[in-house]
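Note sheet for the following structure.
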Amino acid sequence: MNHIMAIVEREMRKFFRSPALMLASMIFPLVQLVILGNAFGGKIRDARVAIVDQDGGTQALKIREAFDSVRANIRTFVPVYYDNEKHAVEDVRNGKLDGAVIIPPQFSRRVYEDNHPQIALVVDNSDNFMSSALESELTDLTNALNQPTVEPRILQQTALSIVELYPYIEYMKYLLPGSLTLAMFVSVMIGGGMLYIDDKARGVHEGYLVTPITKLELVLGLNAAGAIKAVMTGVIICVIGALISGVNTIFNPVTMLGLLVMIVLTSLAFNTMMFLLMVRIEDPLVPRAMFGILNTLLFFPSGAIYPIQAFPPWLRGIAEVDPFSYAVDGFKCLLLKETTLAAVWGDMLFLSIFAAVTLGIAIPLFKRTL
Amino acid sequence: MIADVNAKANDGTYLSTTRAIEVEHIVKKYGDFTAVDDVSFYVNDGEIFGLLGPNGAGKSTLIRMMTTLIPITAGRALIGGHDVAKDPDAARRMIGVIPQALTSDLDLTVEENLNIYAKLYDVPAKERKRSIDELLGLVDLTKWRDAQTKTLSGGMRRRLEIARGLVHHPKIFFLDEPTTGLDPVSRVAVWEMLGNIKNQRQLTILITTHYMDEADRLCDRIAIVDHGKLVALDAPMALKKSVPGSNVIEAQFENFPGDWEQRLRTLADVTSVQHEGAGMYRVLTGNGSRTTTELVEMAVAAGVAVKSLSVQNTTLDDVFVHYTGRQLRDELQKAYAFVMPQRPGLQP
């Protein structure tokens, strides 16, 4: 035990003497929380949409009035009137416009004749988010135009009434569990990955290896030190992130306890995973090169910034075994839904088993010699 | 060929014959490459034993096998009677090791560095402070105990590493090229310190070096290692005596004839002549003054200009030449040239 504590003491002293590293592991997730939270949180406003009216009839006029109504109210788009369809499409293609609505000749007549009247929406589908927003808005608009002026006696459609369990969650709040998880991952990547390999390359481990410390003590000491650094980062980011994004649930004592357990288990799982990945690595460039890959491979499929339910099956497969997914889910439950510990025990169990398995594999792989 | 005498010190006295280290037919292979090839030697209690050789000779590999850092392919090494392969922890408790690189934590203070290692070696809490106080005095770092290691000079950091290796009172002390990279003043300071420490703590010291003066000054016995093999082992004086000729004349000539080397061999008492290029000749002789006189007379008679001339006693470099056919300093220059070949004209 004394040997393990000596390793932990050494790592902690180094950690506190290098505030730049400590800050680096915290600033990145906080910046992400603030920037992404604000950048992705809003709705589309003032998109430029061309209207090419080749009909000029009364039904076309109704559509133009509906567009002007959108401009005056929810401002999803601003209509720009074009005479020439070709010019409008060309301007969508070169980025001057976000979309174009073409009202073809004879549109009004087809409406009166009930002869499949159509209007066309030309969208720049290289930007899925923008094209989806325009499609959705235009679908609503055409549905409204299609409403009969006289209501039928019997309502033929089933109405869906939506009940929201929680108050509206802004995107920044939605992002907080992911940012908190990411902060611990960055801490582990720096404190447990890069510094570990740097120490190896500098010969610090050579110093350990000539002492009577056992292989198990050395592995446990290095992992405990890495996990403690991640726990400290997690606690700090949890408090600062909650304050920035206005999540007040952290002040509930039960939630606080749950968060602490989740932070400890996440830190352990991440650190043992990193240790396993680094256990046979000698080159200090490798963890730096792996940082981007691991970040993409583990963070993005976790549901931290986009729901897992929207993923294709193979990506869901990654999410199933990704410890990030369970950490994000646990933090989401505790921070956003104020659930009891019973709701997150599955996440806690997965993280505990993941830590035990990765450590169990890493120990025999760890070399007690150079 | 191994010329061996039993634990004879520089002053000619015989030391205790209890063996601190025994290495028997030790081999280290990396795939097809043999880094250490069937090396055997022993180090007596209280001895300072040197492994001398160029970079890549296998010195560090040898020391790493003895200190349990790398597995032994064949043969065995006993440290304080403990087989390093069978009972590595017992061997580790006997030894202090100073690796070639400076590995103390730069962010930690001098005292913190020592304290961490004292804990790793299970030095009891009560003893730790007293031991660290004593060691800091021994390596002259008492007033730097609270300084962060990154503020120390290279020489001071090396002294800290020496203290770190002694924090648990080892019986046997391994130092892998302890003065590499240090300035001449720091090197001398480290030598003096090692001498004092050895006497005060009754240590056995095994040191690797490629500095001939270091080996000559510090070591009771020296093993010359080349290409993974042990080519000579004896006390420094005995090694020098084993080389034919007691003086070395280094002379540079201009306008010399093609058979100049043969003519130099005909001079009185000359045992060997080596042309080192650029008109520089290295002549081993049993009588430096007589050969020098004859050499100058022969040069004048042949119209050969003598650009420079020096006479010195036989050195360990001559011993290395004698046993390997190459000069140690040339080997080192090759090694350095390999490291920094980019800038033309830059000499190590």
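Heads up: the protein sequence lines correspond to chains A and B, in order.
Going letter by letter, the first sequence gives residues 15 to 384 in my numbering.
Going letter by letter, the second sequence gives residues 738 to 1085 in my numbering.
Just so you know, even glycine gets a beta-carbon here, dropped at the ideal spot from N, CA and C.
Query: Rounded separation between alanine 356 of chain A and threonine 263 of chain A - CA only; Result: 17 Å
Query: Residue-chain proximity (proline 308 of chain A, chain B), Cβ-Cβ < 8 Å; Result: The sequence shown places leucine at residue 308 of chain A, rather than the proline named in the question. By this cut-off, leucine 308 of chain A is not an interface position.
Query: Start-to-end residues for the alpha helix (DSSP H) that takes in serine 366 of chain A; Result: 359-379
Query: Pair within 8 Å by beta-carbon distance, alanine 900 of chain B and leucine 839 of chain B; Result: no
Query: Rounded distance between the beta-carbons of glycine 360 of chain A and valine 342 of chain A, thought under 8 Å; Result: 13 Å between Cβ atoms; not a contact.
Query: Where threonine 195 of chain A falls: helix, strand or coil (DSSP); Result: helix
Query: Own chain, CB closer than 6 Å to asparagine 743 of chain B, minus 5 neighbours either side, in chain order; Result: In this prediction, asparagine 743 of chain B scores a pLDDT of 45, lower than 50, which makes its location untrustworthy; the coordinate-derived value is nonetheless stated afterwards. Excluding sequence neighbours, asparagine 743 of chain B sits near nothing in its chain.
Query: Pairwise C-alpha distance: phenylalanine 305 of chain A and asparagine 747 of chain B; Result: Residue confidence for asparagine 747 of chain B is low, a pLDDT of 48 falling below 50, so the modelled location carries little weight and cannot support an answer.
Query: Nearest-angstrom Cα separation, counted from leucine 912 of chain B out to glutamine 837 of chain B; Result: 8 Å
Query: Chain A contact for glutamate 849 of chain B (CB, 8 Å cutoff); Result: yes
Query: Chain A contact for threonine 805 of chain B (CB, 8 Å cutoff); Result: yes
Query: Three-state secondary structure (DSSP) of leucine 189 of chain A; Result: helix
Query: Glutamate 1034 of chain B, buried or exposed, once every other Cβ within 10 Å from all chains shown has been counted against 16; Result: exposed
Query: Beta strand (DSSP E) segments (min. 3 residues) lying fully within the stretch 67-113 of chain A; Result: 91-96
Query: Residue ranges of each alpha helix (DSSP H) within the stretch 748-823 of chain B, 4 or longer; Result: 796-803
Query: Contact between the stretch 982-1002 of chain B and the stretch 1048-1062 of chain B (3+ Cβ pairs under 8 Å); Result: yes
Query: Per-residue DSSP class, three states only, for glutamine 1084 of chain B; Result: Because the pLDDT of glutamine 1084 of chain B is 35, which lies under 50, any placement of that residue in the model is unreliable, and the number read from its coordinates should be weighed accordingly. DSSP places glutamine 1084 of chain B in coil when its eight states are reduced to three.
Query: Proximal residues to alanine 376 of chain A (C-beta, below 7 Å), its chain only, five neighbours per side dropped; Result: Val233, Thr286, Phe289, Leu290 and Val293
Query: Residues of the stretch 849-873 of chain B whose Cβ lies closer than 8 Å to any Cβ of chain A, in chain order; Result: Glu849, Ile853, Tyr854, Lys856, Leu857, Tyr858 and Asp859
Query: Residues that DSSP places opposite isoleucine 117 of chain A in a beta bridge; Result: A/Asp67
Query: Spatially closest choice to aspartate 844 of chain B from A/Leu308, A/Ala34, A/Met186 and A/Asn108, by CA coordinates; Result: A/Ala34
Query: Contact with chain A by valine 780 of chain B, beta-carbon distance below 8 Å; Result: no
Query: Selected residue, minimal CA-CA separation from leucine 903 of chain B, among B/Leu857, B/Thr946 and B/Asp920; Result: B/Leu857
Query: Contacts that valine 733 of chain B makes with chain A (C-beta to C-beta distance below 7 Å); Result: The shown model of chain B, from 738 to 1085, leaves out residue 733 of chain B, and the question about it has no answer.
Query: Between the CA atoms of arginine 894 of chain B and proline 907 of chain B - distance to the nearest angstrom; Result: 20 Å
Query: Neighbourhood of arginine 24 of chain A by C-beta, 7 Å cutoff - its chain only, sequence neighbours within 5 removed; Result: none
Query: At least 3 beta-carbon pairs within less than 8 Å: the stretch 231-251 of chain A vs the stretch 321-334 of chain A; Result: no
Query: Member of A/Lys100, A/Ser259 and A/Gly344 whose CA lies at the smallest distance from the CA of valine 48 of chain A; Result: A/Ser259
Query: DSSP three-state assignment for leucine 839 of chain B, whether helix, strand or coil; Result: coil
Query: For glutamine 46 of chain A, the first and last residue of its enclosing alpha helix (DSSP H); Result: 33-53
Query: Asparagine 705 of chain B to proline 43 of chain A span [Cα, whole Å]; Result: Because chain B here runs from 738 to 1085, residue 705 of chain B falls outside it and cannot be looked at.
Query: Continuous alpha helix (DSSP H) stretch holding leucine 291 of chain A: start and end; Result: 267-292
Query: Counted within 10 angstroms of its Cβ, other Cβ atoms place isoleucine 331 of chain A as buried (16 or more) or exposed; Result: Correcting the residue identity first, residue 331 of chain A is glycine in this sequence and not isoleucine. It counts as exposed.
Query: Tyrosine 340 of chain A - DSSP class collapsed to helix/strand/coil; Result: helix
Query: Test: glycine 217 of chain A CB closer than 8 Å to a CB of chain B; Result: yes
Query: Cα-Cα separation between threonine 804 of chain B and lysine 229 of chain A, rounded to whole angstroms; Result: 16 Å
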